[in-house]
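Each remark here refers to the structure printed beneath this line.
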Amino acid sequence: MTTLLISDLHLQPATPELTDGFLSWLADRAPGAEALYILGDFFEAWIGDDLLDLGAGDPTGTAELASRVAAALKTLAEAGTAIYLMHGNRDFLLGERFATAAGARLLPDPSVVTLGDRPVLLMHGDSLCTRDEAYMAFRRQARDPRWQTQVLGMPIAERLQLARQLRDQSGEANSNKAEDIMDVTPDEVVEALRAHGVETLIHGHTHRPAVHDVDLDGTTARRYVLGDWQPDKGWEIVIEDGAEPRLQAFPLS
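Going by the UniProt record's numbering, 209 is the number at position 209 of the sequence shown; the sequence numbering is gapless.
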């Protein structure tokens, strides 16, 4: 059986070719897979599941895009593929309503799952970037249920404005940060593997696709980093019949 893992699509109305490419991948590549794991930042921004009520009346176009994507995922799920969604730092307000519409289950970050014949730690990856102190402070706020309840209680127009402000602030802040600060902290990776008793970690977030060997208490563990999708290229990890995970890029058309 085949398991597929993807991350960091950042779907948004401004990149329709990327959405079309993902839907084509979903229709051509995913059918027959035992499971599909989407490890966060599926959408560029998500202001709450009630956005779906706007339909074509959503001025941003996100509601219509999300409905198309949810319908395609639902078709895959009804054909027998288990679909799991993990929150990212862009779409941490994704809720049960969208998951149900997509035939998916929300997966906590972090989660240990059995893939093939091994336990694997799945994460979005942002919690590993502990050297970015400003972002970690925002992450604590954004994952606070009280803060989320307060935001979801705001009118949709105000939430849309807040999402734009957060994106602008993030882009400006990141442009002034050293590259290594925005990458994972090596000691945090080791601690995560040790705490969960596993030797394999898969995550996204950093947009730095690679496979890393990790010294874990005298044994060699492995960290797989998914890449972010572009209009012309996607990234996936494939696990087939207990084989080693395979990270690969592929063209989108």
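Think of the CB as a built atom: it goes at the ideal place given N, C-alpha and C, for glycine as much as any other residue.
- The C-alpha of R223 is placed about 14 Å away from the C-alpha of V238.
- Secondary structure at F138: helix, using DSSP grouped into helix, strand and coil.
- For H207, no alpha helix (DSSP H) segment is defined, and its DSSP state is neither H nor E.
- Around the beta carbon of P110, 16 or more other beta carbons lie within 10 angstroms, which makes this residue buried.
- Judged by DSSP secondary structure, S111 falls within the beta strand (DSSP E) whose first and last residues are S111 to L115.
- The DSSP-derived three-state label of E96 is helix.
- Boundaries of the alpha helix (DSSP H) around W147: P145 to L152.
- Judged by DSSP in its simplified three-state form, T185 adopts coil rather than helix or strand.
- Contact holds between the region 75 to 85 and the region 31 to 45, because three or more Cβ pairs, one in each stretch, are under 8 Å apart.
- If you ignore the 5 residues before and after E188, its C-beta comes within less than 7 Å of the C-beta of L128 and T130, all in its own chain and listed in chain order.
- When the alpha-carbon of T3 is set against those of D117, A71 and P155, the nearest one is in D117.
- Judged by DSSP in its simplified three-state form, G80 adopts coil rather than helix or strand.
- A distance of 8 Å or more separates the beta carbons of V112 and V184.
- Looking at the backbone, the Cα of A70 and that of F98 are separated by about 7 Å.
- Straight-line spacing of the CA atoms in P108 and P59 works out to 31 Å.
- Taking the Cα positions, E17 is about 20 Å away from R90.
- The Cβ neighbour count for V225, taken over all protein chains shown within 10 Å, is at least 16; the residue is labelled buried.
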